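Q: First residue of the sequence shown: 34, per the numbering used here; consecutive thereafter.
Note that CB positions come from ideal geometry on N, CA and C, so glycine has one too.
None of these values were measured; they are calculated from a predicted model.
What follows is a structure written as C-alpha cells; I'll ask about it next.
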Amino acid sequence: MSLSKQTEVIFDTRRGHDYDSANPPLYDSSTFHQKRLGGDAPYDYARSGNPNRTLLEEKLAKLEGGSHAFAFSSGIAAISAVLLTLNAGDHVILPDDVYGGTFRLTEQILTRFDIHFTTVDATQLTNIEKAIQDNTKLIYIETPSNPLFKITDIRGVANIAQQHDLYLAVDNTFMTPLGQSPLDLGADIVVHSATKFIGGHSDLIAGVAITNNSEIADALYLIQNGTGNALSAQDSWTLAKHLKTLPIRYKQSVANAQQLYSFLAQRPEIAEIYYPGNSDLHLAQAHHGGAVLGFRLADESKAQAFVDALTLPLVSVSLGGVETILSHPATMSHAAIPEDVRQARNITFGLFRLSVGLENPDELIADLNYALKEAFNESITKQITQQPTRR
Ligand SMILES: *Cc1c(COP(=O)(O)O)cnc(C)c1O
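And the structure:
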C-alpha cells in the first residue's frame, strides 16, 4: 500500500465526526434506539456491532489489503474464530512450532469437538502436501515463526492450498500489515495478535481476522456475533488511535532492530543469532526483516546474570511494544513444553527473543554491551564491584 493511501486509511482524513473532532467519539453504548420496528438501522446491540469497532475493522481491512476485518478480544479469540468456522470431522495442517496458545487451543479444546490437526515442519512444502487428507479444509501457517524465526514460503503454500481446494490462513503478527501482505501472496485469511505491534503500547489485548473472501467473512461474522468474543468499543477506539502511529513506530523499531542485529552478530558472547532479514525467502515475501530477533548466549549458565545486568529492556512475555521487550522462551512462552522436547527443538536456556522498541538505539546497544560483558566476566567482576541488580 502506498504511503499516501496508508495515511488516508489510518488518519481520519475525511473527518466528519461530530464537531469535526480530531478523534472519533467513543460510542460507549450496549444498545441503540430503534425508531422503526423491524427497520434496518446500522446498529442495534453492541455485541453484534458498534461504530467504533466498525471504524477499526474498516481501517484494518484496508491496511491488510482485505475486504473484511473482524476485531476480537484477543489474538487467540481471532484464531479461535477462524478455526470455529470449521465443522466436526474437518482436518487442519499446522506448523510444528505454531504459537503456544494456538497449539493449546487446537490440542486441548478443538480436538474435543472432533476437529483434527496434523503438525508439520511447514518450512518444507512437501511436508504440507503429504499431510493433506480427504477431510483437510485449512492450512494454517506462521512466518517468521517463534522463537527460532523459521520462514515458510507463503506463495508456495498458497499454491498447494489452491490445487487442493483448501483455505490458507496466515498468522502475520510478527510482520504487521505493513511488513508483509499474505492476502496478496494468495492466502485467504490473515490473523494478528493486535496486542503486539498494531496496538504497540502494551496496554490492551486484541486480535483481528481479515479476509478478501465474502463467504469466509460471513462465517467469521457468525462466530464473532454468535460466540460474543468481539473487541469492546473502548478497546476498538484506543486501538484505532494507536494505529495512527503504527507506520512510524514500526519503521523506527525495524531500523533499531537492524542496528542491534549488527551489534549482536559480532559479539563473542552470542553463539547464534536469528533474524528474518537474513533469509532470502523472507525478503522475497516481506519488505524487511522486521523488529524481532533471537539470539543464543554462548554459555547458557550466564542467562540470569545477563538479565540481572540489563537496565533498559522489559524482561517479559509479549512483543511489539514501544519499549524493547526481552523474552526468555524456555521459562516463558515455551515453559509448558517438556524439557526433552524443548531441547530437541533447540529452545535452550540460553535462547532469548528481543522485540526492539523505540529507545535510542545507541543506548540500547550500550546497555546490551554492558550486560553481556558483565555476565560473561561475572565471576571476576561480581566479587570486586558487588554490582547490585539494577532492575
Ligand atoms: C501473542 C500472539 C498470539 C496470541 O495473541 P493474544 O493477543 O495474546 O491472544 C498469536 N500469535 C502470535 C504470533 C503471537 O505472538
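Could you pull out every unbroken alpha helix (DSSP H) segment of at least 4 residues lying fully inside the segment 203 to 265, listed in chain order?
A: 209 to 212 and 247 to 260
Q: With three or more beta-carbon pairs closer than 8 angstroms as the criterion, would you say the segment 275 to 286 touches the segment 141 to 154?
A: no
Q: On the DSSP bridge assignment, give the partners of Tyr200 in chain order.
A: Leu171
Q: Are Asn262 and Phe385 closer than 8 angstroms when you measure CB to CB?
A: Cβ distance not < 8 angstroms, so Asn262 and Phe385 don't count as in contact.
Q: Note down the Cα distance separating Asp341 from Phe146, rounded to an integer number of angstroms.
A: Rounded to the nearest whole angstrom, the C-alpha separation of Asp341 and Phe146 is 45 angstroms.
Q: So which of Gly108, Tyr308, Ser81 and Asn289 has the shortest CA-CA distance to Pro177?
A: Tyr308
Q: Taking 7 angstroms as the cut-off, is the CB of Lys170 close to at least one heavy atom of ligand 1?
A: no
Q: CB-CB under 6 angstroms to Lys183, same chain, minus the five flanking residues each way: which ones, in chain order?
A: Thr156
Q: Which residue from Ala336, Trp270 and Gly323 puts its Cα closest to that of Pro84?
A: Residue Trp270 holds the alpha-carbon nearest to the alpha-carbon of Pro84 among Ala336, Trp270 and Gly323.
Q: Quick one: using the 10 Å Cβ neighbour count with 16 as the cut-off for buried, is Pro75 buried or exposed?
A: exposed
Q: Of the choices Leu199, Ser214 and Tyr200, whose alpha-carbon is the least far from that of Thr206?
A: Comparing Cα positions, the closest option is Ser214.
Q: Can you grab the Cα-Cα spacing for the pair Tyr52 / Tyr60, in whole Å?
A: 15 angstroms
Q: Please name the residue in Asn258, Ala266 and Ala220 whose C-alpha comes closest to that of Thr244.
A: Ala220
Q: What does the Cβ neighbour count give for Gln318, buried or exposed, with the cut at 16 atoms within 10 Å?
A: buried
Q: Under 7 angstroms Cβ to Cβ from Phe382, same chain only, skipping five residues before and after it: list those, please.
A: Glu333, Ala336 and Ala363
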